[in-house]
Ligand code: HEM
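Numbering (this note's numbering), first residue to last: 7 to 412.
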């Protein structure tokens with residue numbers, strides 16, 4: 007079976023059965039070679055927690071500078087050395103320090119009331135749905151910019167278009183997102199528009215710096231000089247994308263599962279498990295299913311020999327359901343502890359936005375659990391067709407509000 011499945015096929019993820027494939031691969035062939043196909047080169051896939059953790063964090067053996075997503079395989083990464091996610095230590099660490107400072111817990115506190123207001127607005131359609139069917143995937147899509155919009159200081163009127171462009175760059179295989187001219191044209195258009203958008207804003211911030219993250223990037227010093235404008239724009243793009251496409255996946259995947267198995271109330275009736283429940287939601291959803299590294303030199307992974315230059319795809323989604331680490335991994339346990347999930351990655355590239363992501367999700371789930379007594383499915387959900395993004399396109403449900411309202 008393992009030789010027949012193309013684990014990079016976006017169609018596999020639209021069906022929702024990917025975890026069956028991950029479990030089978032982890033058991034039978036945990037370091038799996040996928041043969042070349044068309045112009046896509048061959049690549050290794052690791053699905054065990056220990057191997058995924060090692061590949062993500064061992065930057066001596068694996069580089070991030072040759073592309074970190076499957077859709078870049080076989081092509082040079084134009085962001086190499088210019089963008090945090092595509093730069094190796096020690097350069098990476100010097101570039102990351104000011105960004106990390108601008109996103110640490112104290113800095114995030116400054117933006118929290120704006121984020122809270124945006125989260126509150128996201129939930130308004132749920133309050134108004136009163137007994138009728140509502141598409142929660144559409145509701146949570148508005149969460150895209152709730153965290154990063156205030157942080158980057160981009161005007162609220164631009165949020166919907168930015169969310170659309172971010173989807174074009176991260177879920178380019180999905181027919182609802184893809185332009186008529188195909189995948190390459192979709193990616194190109196998304197990149198071009200976002201880069202042009204940020205280039206304009208950066209020029210503005212250079213003239214009038216403010217307290218937002220874009221101003222930090224535009225005015226920071228890197229290796230004794232200002233960060234080049236191209237690099238500022240590439241990092242702004244990465245911060246937007248890192249937040250916009252991932253956050254909506256977490257409540258959508260969690261509530262889809264809880265509604266389907268009738269377990270929503272188990273969490274909603276335990277308000278003290280908000281923090282552990284959010285970690286479980288992150289593990290369960292794992293919005294970015296994979297990240298790629300390339301071997302710098304011959305290296306042994308599990309019982310296989312990886313040659314210098316070969317790509318290794320670390321499947322975070324599989325690692326987060328590894329029964330060697332998580333008991334009953336396919337069950338959502340709101341009180342799960344410990345919960346050392348890899349949804350934010352591992353090592354030096356560990357998500358720099360993890361504080362704001364956690365705070366935003368706690369605000370969202372905190373309000374949702376307090377206001378919604380139960381969630382019931384009202385039709386089959388549909389998922390984004392993407393090997394990277396674990397997103398939902400439609401999630402029809404009926405919610406029952408607390409205090410008796412339907
Ligand atoms: C639930 C939400 C999120 C998830 C699941 C997530 C996941 C991840 C993962 C797995 C990585 C590591 C990639 C690698 O190792 O190659 C990462 C890195 C990154 N994330 Fe996030 N992320 C989230 C939210 C955010 C937010 C809100 C921001 C921005 C405010 C952000 C910005 C970034 C950036 C810039 C990097 C690169 C960091 C580096 O290379 O040093 N992410 N994220």
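For every residue, glycine included, the Cβ atom is placed at its ideal position computed from N, Cα and C.
Predicted model only: the values in this text are computed from it and were never measured.
- DSSP places residue 297 within a strand segment (E or B) once states are collapsed to three.
- Relative to ligand 1, residue 357 has its C-beta within less than 7 angstroms of a heavy atom.
- Around the beta carbon of residue 94, a 10 Å sphere encloses 16 or more other beta carbons of the protein chains shown; the residue is thus reported as buried.
- In this structure, 154 is the residue among 154, 205, 14 and 22 with its C-alpha nearest to the C-alpha of residue 360.
- Proximity of the stretch 67-85 to the stretch 339-349 falls short of the contact definition, fewer than three beta-carbon pairs being nearer than 8 angstroms.
- By the C-beta criterion, the stretch 125-136 is judged not to be in contact with the stretch 97-109, since fewer than 3 inter-stretch pairs fall below 8 angstroms.
- Per DSSP, reduced to three states, the secondary structure at residue 398 is strand.
- By the criterion of at least three beta-carbon pairs nearer than 8 angstroms, the stretch 372-388 is in contact with the stretch 269-285.
- In terms of Cβ geometry, residue 394 and residue 176 form a close pair [threshold 8 angstroms].
- Counting other Cβ atoms within 10 Å of its Cβ, residue 16 reaches 16 or more and is therefore classed as buried.
- Taken in chain order, the complete alpha helix (DSSP H) segments of 4 residues or longer contained in the stretch 318-370 are 322-325.
- Distance check between residue 161 and each of 122, 215 and 207 places 207 closest, using alpha-carbon atoms only.
- A straight-line Cα-Cα distance of about 26 angstroms links residue 105 and residue 257.
- Counting the other CB atoms within 10 Å of its CB gives residue 303 a total below 16, which places it among the exposed residues.
- By a beta-carbon distance limit of 8 angstroms, residue 118 does not contact residue 246. Their separation comes to about 19 angstroms.
- The DSSP-derived three-state label of residue 313 is coil.
- In this structure, the straight-line span from the alpha carbon of residue 402 to that of residue 254 is close to 15 angstroms.
- With a cutoff of 7 angstroms, residue 70 counts as near ligand 1, since its C-beta is closer than that to a heavy atom of the ligand.
- Here residue 282 carries a helix assignment [DSSP, helix/strand/coil].
- Buried is the label assigned to residue 58, since at least 16 other Cβ atoms lie within 10 Å of its Cβ.
- If you ignore the 5 residues before and after residue 286, its C-beta comes within less than 7 angstroms of the C-beta of 338, 339, 340, 342 and 345, all in its own chain and listed in chain order.
- Within 7 angstroms of the C-beta of residue 244 there is at least one heavy atom belonging to ligand 1.
- A direct Cα-Cα distance of roughly 19 angstroms separates residue 36 from residue 292.
- With a threshold of 16 other beta carbon atoms within 10 Å, residue 40 meets it and is buried.
- With a threshold of 7 angstroms, the Cβ atom of residue 111 does not count as near ligand 1, since no heavy atom of the ligand is closer than that.
- If you draw a straight line from the Cα of residue 307 to the Cα of residue 166, it comes to about 43 angstroms.
- Excluding residues up to 5 positions away in sequence, 150, 246, 247, 250 and 251 lie with their Cβ nearer than 7 angstroms to the Cβ of residue 172 in the same chain.
- For residue 38, the enclosing beta strand (DSSP E) covers residues 37-40.
- Distance check between residue 88 and each of 267, 350 and 241 places 241 closest, using alpha-carbon atoms only.
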